[in-house]
Structures are given as structure tokens and as C-alpha cells.
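Visitor: My questions all concern the structure below.
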Amino acid sequence: MNICYISTFPPEMCGIGTYTNYLTNALLDIDDGISVTVLARKGGEQRKSERLTVIPSFSAGDYTDVLINLRHLRADIIHIQHEFGLFPAEKNFLKFLKEIKANKYPLILTLHTVYTTHTRNLPGIDVDIEEYNCKIGDIVDCEIVHLDRPLRRVLLRMGIAKEKLEIIPHGTKLFALIDSYQAKERLGLPAGKLILSFGFISKGKNQLSLIEALPLILKNVSDAYLFIAGYSRVMDPDDLSYIKLCKEKARELNIEDRVIFSDDFIAEKDLPLVFSAADCCCYLYNEENRSGSGAIHIALGSGRPIIASRIPKFEEELMKNVSDEILCLPNNIEAIAEITVRILNDKKFTNAIVRSIRKYAIDTSWEEIAKKHLILYQRFL
Numbered sequence: 188m189n190i191c192y193i194s195t196f197p198p199e200m201c202g203i204g205t206y207t208n209y210l211t212n213a214l215l216d217i218d219d220g221i222s223v224t225v226l227a228r229k230g231g232e233q234r235k236s237e238r239l240t241v242i243p244s245f246s247a248g249d250y251t252d253v254l255i256n257l258r259h260l261r262a263d264i265i266h267i268q269h270e271f272g273l274f275p276a277e278k279n280f281l282k283f284l285k286e287i288k289a290n291k292y293p294l295i296l297t298l299h300t301v302y303t304t305h306t307r308n309l310p311g312i313d314v315d316i317e318e319y320n321c322k323i324g325d326i327v328d329c330e331i332v333h334l335d336r337p338l339r340r341v342l343l344r345m346g347i348a349k350e351k352l353e354i355i356p357h358g359t360k361l362f363a364l365i366d367s368y369q370a371k372e373r374l375g376l377p378a379g380k381l382i383l384s385f386g387f388i389s390k391g392k393n394q395l396s397l398i399e400a401l402p403l404i405l406k407n408v409s410d411a412y413l414f415i416a417g418y419s420r421v422m423d424p425d426d427l428s429y430i431k432l433c434k435e436k437a438r439e440l441n442i443e444d445r446v447i448f449s450d451d452f453i454a455e456k457d458l459p460l461v462f463s464a465a466d467c468c469c470y471l472y473n474e475e476n477r478s479g480s481g482a483i484h485i486a487l488g489s490g491r492p493i494i495a496s497r498i499p500k501f502e503e504e505l506m507k508n509v510s511d512e513i514l515c516l517p518n519n520i521e522a523i524a525e526i527t528v529r530i531l532n533d534k535k536f537t538n539a540i541v542r543s544i545r546k547y548a549i550d551t552s553w554e555e556i557a558k559k560h561l562i563l564y565q566r567f568l
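Using my numbering, you'd call the opening residue of the sequence shown number 188 and step up by one each time.
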């Protein structure tokens, strides 16, 4: 089977590209008869190996080279990893999809984020987003989403045909941890209880609430530290101002020595070390957009206990597969502190949470997710 992905791809720093990379590697591992071509974003790295080819081909709104390259490929399946930041909501993208279908290719699209009339908060979307979503659904053979209530049911309500929608969870990379104290020492971190906030720093990721909760946490966990591991996604001025605000808040609360900023991105190779150092992982996002979360699946793959906000991105997945007791409203400082303290101090509770996390991580390992994709692809051959 020859699969063609249209997606960003490493070394470009992009969550969609990371997703495609993990999925590609898992597919190549489970079936020797699979080859993959990635038509990546222009400016990326071109490469070729025995079963994987990467060709920079598209930019936002310009798909001419993708169509040219498709003529030379013998693809059995074309699969677009869709995000509005990569493929702007405009007539040109719909035309592009129609041209692919005109050449009789099976066309699958993973809709990583579902925007509605209410949640349309991305600059540049000036179309009727629900009508636009339906037009995509009419053209493609199948749309994959990661969640049911926040994504699939919303698309059904918009009018997309039930038989065109498939739920495949976000994949989880499993990785082994080392001793927590050794990890802290190697990272130059203190030996206390480490609360980890991993990923991009922005107002929507809501690291400020975690900083505000830390004084309450310290009343019950005197050796607690907060490690904010990450930085601005694209050196955005708003993100940089937010990082400055977070540091000022730590100084204002007189906990500057307890809040540690990496002030840099964490390389993928360092993830096992960073998560080994963590005693719990916090994802207190304050976002309305409806999508799965690659960041939460990194934490799931580590097996570390998680605290997350009660928003569409996290609620269904964690309530169903881990526990409702690790969720709280993103700006409820007291609840954030209470759950964090319980995870750090209540071993029986934490062990139960960790068991559920580890089971769900195995169930959504990239190997299992690749198998689900392969079964879906075979339906269209």
C-alpha cells in the first residue's frame, strides 16, 4: 500500500508534523508492504529512503506543486492532516480537494480542530465556518476526528453524513522513565516535588493560574516546585508578554525561587528526562477550540499523574479513560491547588490514577492507532 500524506513534517516544529511522523513510523513498523510519501510544507527538508519520501510541496493557499507531485505518485490513499493554520478556510482549498477527487483518489482528511460559529477564534477565518466544514465533508471520502462529543457529534449536528465520520483517538508515544531524583539532578532541578507544565506558553495554555495556585500548594507540600518547560510557539509578541506577566506574578507572590522557567523549547529526545523528573503534570488550558491534544498524550505516555482543565479538549477523553477527579475549571485556583496537593500527598489516589493512565496509554499507543488507520484505509482500496 502506498500512502500519501499532505502534512507538515519534521524537522519543521509543528504538532501536526509530529503527529504525522509518529503515525508514519508506526505504519512502516507494522507492515513491510507499506510505503509513505509526505507532501510537506515548503521550506521543509526533502529526503528519501527505501519506504519513506518527503517532498516539500505546499504553502498556505498554494497547492499547485502538490497536484503536480501527485501525478507522479502511485498513491493508493491520500490523507490530509488538516489544521486551519496550514490550510486556510478559503475556496482555493475546496478547489484543491475537488481536483484530488477528480483523479479518483480515495481522499481521507483528519480534522484536528473543529471550529463552530461559537468557537471561531482563529484570525483569517472570515467564511461561514459551519457551511465550510460541510463542504469539506461533502468532498472527501472520510473525515477522522479524535473525539466523539466535542468533535464528531458537532460535525453531525452541522449536517455531515454519519458514514463519513470516523473516530480514531490521538496516538500516544510510550517511553521509559529513569529515577526521578537522577532526572532532577541531570536537569539541574531541585530535589523536591516537581509540578510540570510542559509545552508552549501562552494565555490559552494558562500557566498563570498554576503560578497563582502554587502558594496554596506550598501550604501543604512545602517542598513543591513548578517547572514551566517550554516557550512561545513562534516568538509571538502576545506570548512573550504573557511569559513576562507569569514571571512578574511569581515575583509578586514571592515564589520566584519556586517557579522555574526553561526559557527554551524541550527537544523530543529530552522528553523522557523531563517527565522522569516530574511528580505530576498540569494542563490547565483555557481554550474553547475543539480538538484533541498531543501534549496530553505525551504526559499519558510517561505514565505520570495528570491534572487538566474541564474543557472540551480534555474532558471526554480523561473522564472516560482516567478519572473525573483530576479535572477542574481552568481559573479555579483553589481547586487546582487541592487536586495537585492530593496527587502529591495521597499515594493510594495517585496510584489508581496512574494505573488508568498507563492502561489508556497502551490502548492508544501509536502501534494501535496505526492499526486503526490501516483498517480504515483498506476500506477504500
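Ideal Cβ placement from N, Cα and C applies to all residues, glycine included.
Between which residues of its own chain and Arg234 is the CB-CB distance below 6 Å, once the five residues before and five after are set aside?
Guide: Val241
Visitor: Give the DSSP bridge partners of Gln268, in chain order.
Guide: Bridge partners of Gln268: Thr297.
Visitor: Applying the criterion that 16 or more other CB atoms from any shown protein chain within 10 Å of the CB defines a buried residue, is Gln394 buried or exposed?
Guide: Buried: at least 16 other Cβ atoms inside 10 Å.
Visitor: With DSSP run on the structure shown, which of helix, strand or coil describes Asp249?
Guide: strand
Visitor: Does the pairing of the region 542 to 560 with the region 489 to 502 give three or more beta-carbon distances under 8 Å?
Guide: Segments in contact, yes.
Visitor: Express the C-alpha separation of Ser389 and Asp425 in angstroms, rounding to a whole number.
Guide: 8 Å
Visitor: For Ile513, which of helix, strand or coil comes out of DSSP?
Guide: helix
Visitor: Can you give me the C-alpha to C-alpha distance between Tyr472 and Ile295, rounded to a whole angstrom?
Guide: 29 Å
Visitor: Since I believe Val223 is in contact with Thr211 (beta carbons under 8 Å), could you give me their beta-carbon distance rounded to a whole number of angstroms?
Guide: 5 Å
Visitor: Is the region 459 to 468 in contact with the region 377 to 388, if contact means three or more CB pairs nearer than 8 Å?
Guide: Between the region 459 to 468 and the region 377 to 388, the count of C-beta pairs closer than 8 Å reaches three or more; the two stretches touch.
Visitor: Kindly list the residues whose CB is nearer than 7 Å to the CB of Glu270, restricted to its own chain and excluding five residues on each side of it in sequence; keep chain order.
Guide: Ile203, His299 and Thr300
Visitor: For the candidate residues Glu502, Leu260 and Ile255, whose alpha-carbon lies nearest to that of Asp511?
Guide: Glu502
Visitor: So Ala517 packs on Pro337, CB below 8 Å; how close in whole Å?
Guide: The identity of residue 517 in the sequence shown is Pro, whereas the question assumes Ala. Incorrect: roughly 16 Å between the Cβ atoms, too far for contact.
Visitor: Compare the beta carbon distance of Val332 and Ile354 with 8 Å and say whether it is the shorter of the two.
Guide: yes
Visitor: What beta strand (DSSP E) runs, 3 residues minimum, are completely inside the region 379 to 463?
Guide: 380 to 385, 411 to 416 and 446 to 448
Visitor: Is the CB-CB distance between Gly324 and Lys291 below 8 Å?
Guide: no
Visitor: Let me check one thing: in DSSP terms, what residues is Pro243 bridge-paired to?
Guide: Looking at the DSSP output, Pro243 bridges to Ala227.
Visitor: Relative to the C-alpha of Arg445, which residue among Leu403, Phe362 and Leu273 is closest?
Guide: Nearest option by C-alpha distance: Leu403.
Visitor: Specify whether the region 546 to 564 and the region 408 to 428 touch according to this definition: at least 3 beta carbon pairs, one from each stretch, less than 8 Å apart.
Guide: no
Visitor: The beta strand (DSSP E) spanning Ile530 covers which residue range?
Guide: Segment Ile520 to Asn532 is the alpha helix (DSSP H) holding Ile530; no beta strand (DSSP E) there.
Visitor: Starting from Val341, follow the alpha helix (DSSP H) in both directions and report where the run begins and ends.
Guide: Arg340 to Met345
Visitor: Leu397 and Leu413 - do their beta-carbons sit closer together than 8 Å?
Guide: yes
Visitor: So, using beta-carbon positions, are Leu254 and Glu286 closer together than 8 Å?
Guide: yes
Visitor: Kindly give me the distance between the Cβ atoms of Arg477 and Thr306, rounded to whole angstroms, as I take these residues to be in contact under 8 Å.
Guide: 6 Å
Visitor: Quick one: grab the DSSP three-state call for Glu504.
Guide: helix
Visitor: Just the C-alpha distance for Ala486 and Leu514, rounded to the nearest angstrom, thanks.
Guide: 15 Å
Visitor: Going by DSSP, what residue range makes up the alpha helix (DSSP H) through Glu372?
Guide: Ser367 to Leu374
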